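Quick notes on the structure that follows.
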Amino acid sequence: MLNVRDVTCARGGMPVLSGVSFAVPAGHALILRGPNGIGKTTLLRTLAGLQPAISGEVTYPEDQGAYASHADGIKTALTVTENLTFWAEVHGTKLPDTIFDTFDLADLRDRMAGTLSAGQKRRLGLARLGVIGRKVLFLDEPTVSLDGFSVRLFADWLQNTHLAAGGVAVIATHVDLGITARVLELEPFKAAPDAGGGPDEAFL
Amino acid sequence: MIALLLRDLRLAVRAGGGFGLGLAFFLIVVVLVPFGVGPDQALLSRVAPGILWVAALLAALLSLDRIFALDFEDGSLTLLATSPLPLEGVAWMKALAHWITTGLPLTVAAPPLGFLLSLAPEAYLYVFVSLLIGTPALSVIGTFGAALTVGLRRGGLLLSLLVLPLYIPTLIFGAEAVRRGADGLDPFAALLLLGGITAGTFVLLPIATAAVLRINLR
């Protein structure tokens, strides 16, 4: 479902990864591993279409990609339900009733998001993924500030709901999620230090 | 897209949203000017159209940097960029939300405040109409400026420097329409030009805003 061929991506005009190729069939997940600064976030942003790849090709069904990063996009002056409803409306989907139980947010429904703890906010941010109905997820450190129980909640959702329904996920993470997934080490794809930078289109 | 507009309006009204900030600023400036200029009614009524328009301009400027900065900080902007909404539509809705929370209250408040500046009776209608036609352009141009400076720390000052020159045509024709109205002349040429500027910015600038956002989000 997701095909990545020979992608070179850059951060701040400097290539960080080159020649990255992989394919993820429907219903499977891929975990990206590598030391800090190797370019996991850059690769995920490139895959999600937030920045162009210097070369190579990324293909997945149009309008099916979703990106989730450290910043959850939560509005502190809105309630939990309002936050999720907003993203559902933006994506033209309906808010599934089960979503609150899946991410253990049932008791927090009407709380202002600003009063949530870091872990609760993270759960709310992840619940957005269950609301928008996108098939191809690009997740950047999804379990930051989650406790063990919440990590399992999220892993369960990913495995039993998202992947089971034929979705795809590419996850950059340092913790063991406990889901069956291929692991891709990024170290071998590190771009040579003298590799030419791509043109910085912003200034052309 | 309506969801985005409603969310922005809701956020503006709730705590920390800054709704009414521009209006309060406008009110203060217009109330202070007669103290500074003195009680000369003839002089006040001469400068009233200009004062009202300049004050409206500065009041609109006040809340511009919030348009994208808050969404950028909490990551919403990135998520909106990967959502089905076109960024052009996002820019349009942001401008519209800014106008409803800033431009529209200014437009409604200006005629009563004109009384404090002993505005000529014939000009009240034109103050309202010119602001109604002109303030949307202020919001759209401001949204473009906000997109240019999104992600910059303390981008507010730079934003003012970028945006104020672009406000000049709107200011000239807006104040001119009111002045001609006050003098009993035909203000329609100025109003038409004002409308032309607004229409042009509404069609063209969201495209530029979206392009700038794409670059800034990289």
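In the order they appear, the protein sequences are chains F and B. First residue of the first sequence: 1, per the working numbering; consecutive thereafter. First residue of the second sequence: 1001, per the working numbering; consecutive thereafter. Heads up, the beta-carbon is just placed ideally off N, CA and C, and yes, glycines get one too. Predicted, not measured: the structure shown is a model, and the values here were computed from it.
I need the straight-line Cα distance from residue i to residue j, nearest angstrom please.
i: residue 1063 of chain B; j: residue 1050 of chain B; result: 21 Å
i: residue 61 of chain F; j: residue 136 of chain F; result: 8 Å
i: residue 1200 of chain B; j: residue 1035 of chain B; result: 38 Å
i: residue 5 of chain F; j: residue 1190 of chain B; result: 58 Å
i: residue 1065 of chain B; j: residue 1019 of chain B; result: 13 Å
i: residue 34 of chain F; j: residue 42 of chain F; result: 13 Å
i: residue 1210 of chain B; j: residue 1112 of chain B; result: 37 Å
i: residue 1105 of chain B; j: residue 1218 of chain B; result: 36 Å
i: residue 1014 of chain B; j: residue 1102 of chain B; result: 15 Å
i: residue 1023 of chain B; j: residue 147 of chain F; result: 46 Å
i: residue 7 of chain F; j: residue 1175 of chain B; result: 55 Å
i: residue 1214 of chain B; j: residue 1207 of chain B; result: 11 Å
i: residue 1216 of chain B; j: residue 1107 of chain B; result: 33 Å
i: residue 168 of chain F; j: residue 183 of chain F; result: 14 Å
i: residue 124 of chain F; j: residue 1006 of chain B; result: 20 Å
i: residue 50 of chain F; j: residue 69 of chain F; result: 12 Å
i: residue 1159 of chain B; j: residue 1153 of chain B; result: 11 Å
i: residue 1179 of chain B; j: residue 120 of chain F; result: 57 Å
i: residue 164 of chain F; j: residue 29 of chain F; result: 11 Å
i: residue 55 of chain F; j: residue 9 of chain F; result: 7 Å
i: residue 1099 of chain B; j: residue 128 of chain F; result: 29 Å
i: residue 2 of chain F; j: residue 181 of chain F; result: 14 Å
i: residue 1121 of chain B; j: residue 1043 of chain B; result: 15 Å
i: residue 1119 of chain B; j: residue 138 of chain F; result: 59 Å
i: residue 141 of chain F; j: residue 85 of chain F; result: 24 Å
i: residue 204 of chain F; j: residue 1150 of chain B; result: In this prediction, residue 204 of chain F has a pLDDT of 45, which is less than 50 and means its spatial position is unreliable; what the coordinates show is noted afterwards. Going from the Cα of residue 204 of chain F to the Cα of residue 1150 of chain B covers about 20 Å.
i: residue 1073 of chain B; j: residue 1061 of chain B; result: 20 Å
i: residue 1141 of chain B; j: residue 89 of chain F; result: 27 Å
i: residue 1033 of chain B; j: residue 1041 of chain B; result: 12 Å
i: residue 48 of chain F; j: residue 172 of chain F; result: 13 Å
i: residue 1092 of chain B; j: residue 76 of chain F; result: 23 Å
i: residue 1031 of chain B; j: residue 162 of chain F; result: 60 Å
i: residue 155 of chain F; j: residue 149 of chain F; result: 10 Å
i: residue 122 of chain F; j: residue 1059 of chain B; result: 37 Å
i: residue 192 of chain F; j: residue 1192 of chain B; result: 60 Å
i: residue 185 of chain F; j: residue 1163 of chain B; result: 47 Å
i: residue 31 of chain F; j: residue 1001 of chain B; result: 34 Å
Determine the extent of the alpha helix (DSSP H) in which residue i is found, giving its start and end residues.
i: residue 1076 of chain B; result: 1076-1081
i: residue 1093 of chain B; result: 1087-1098
i: residue 83 of chain F; result: 80-90
i: residue 1127 of chain B; result: 1124-1148
i: residue 182 of chain F; result: Taken as a continuous stretch (DSSP letters only), residue 182 of chain F belongs to no alpha helix (DSSP H), being part of the beta strand (DSSP E) at 182-185.
i: residue 1160 of chain B; result: 1155-1182
i: residue 1189 of chain B; result: 1188-1217
i: residue 1111 of chain B; result: 1104-1116
i: residue 152 of chain F; result: 148-156
i: residue 1073 of chain B; result: 1066-1073
i: residue 1012 of chain B; result: 1002-1013
i: residue 46 of chain F; result: 40-47
The beta strand (DSSP E) with residue i in it runs from where to where?
i: residue 1049 of chain B; result: Counting along the chain, residue 1049 of chain B falls outside any beta strand (DSSP E), though it belongs to the alpha helix (DSSP H) covering 1041-1062.
i: residue 55 of chain F; result: 55-59
i: residue 132 of chain F; result: Residue 132 of chain F -> not in any beta strand (DSSP E); alpha helix (DSSP H) instead, spanning 118-132.
i: residue 29 of chain F; result: 29-33
I'd like to confirm the pairing. Which residues does DSSP put opposite residue i in its beta bridges?
i: residue 1033 of chain B; result: DSSP lists no partner for residue 1033 of chain B.
i: residue 24 of chain F; result: F:2
i: residue 140 of chain F; result: F:172
i: residue 67 of chain F; result: F:138
i: residue 96 of chain F; result: None; residue 96 of chain F has no bridge partner.
i: residue 8 of chain F; result: F:55
i: residue 15 of chain F; result: F:10
i: residue 190 of chain F; result: F:17
Does the CB of residue i have a neighbour CB from chain A at under 8 Å?
i: residue 1084 of chain B; result: You won't find chain A in this structure, because its protein chains are F and B.
Cβ atoms of residue j and residue i: under 8 Å apart, would you say?
i: residue 1143 of chain B; j: residue 1094 of chain B; result: yes
i: residue 143 of chain F; j: residue 177 of chain F; result: yes
i: residue 1147 of chain B; j: residue 1128 of chain B; result: no
i: residue 16 of chain F; j: residue 39 of chain F; result: yes
i: residue 71 of chain F; j: residue 1075 of chain B; result: yes
i: residue 1008 of chain B; j: residue 1069 of chain B; result: no
i: residue 109 of chain F; j: residue 103 of chain F; result: no
i: residue 1169 of chain B; j: residue 1133 of chain B; result: no
i: residue 113 of chain F; j: residue 80 of chain F; result: yes
i: residue 1057 of chain B; j: residue 1117 of chain B; result: no
i: residue 1177 of chain B; j: residue 1114 of chain B; result: no
i: residue 179 of chain F; j: residue 158 of chain F; result: yes
i: residue 1085 of chain B; j: residue 1004 of chain B; result: yes
i: residue 1010 of chain B; j: residue 44 of chain F; result: no
i: residue 1079 of chain B; j: residue 1090 of chain B; result: no
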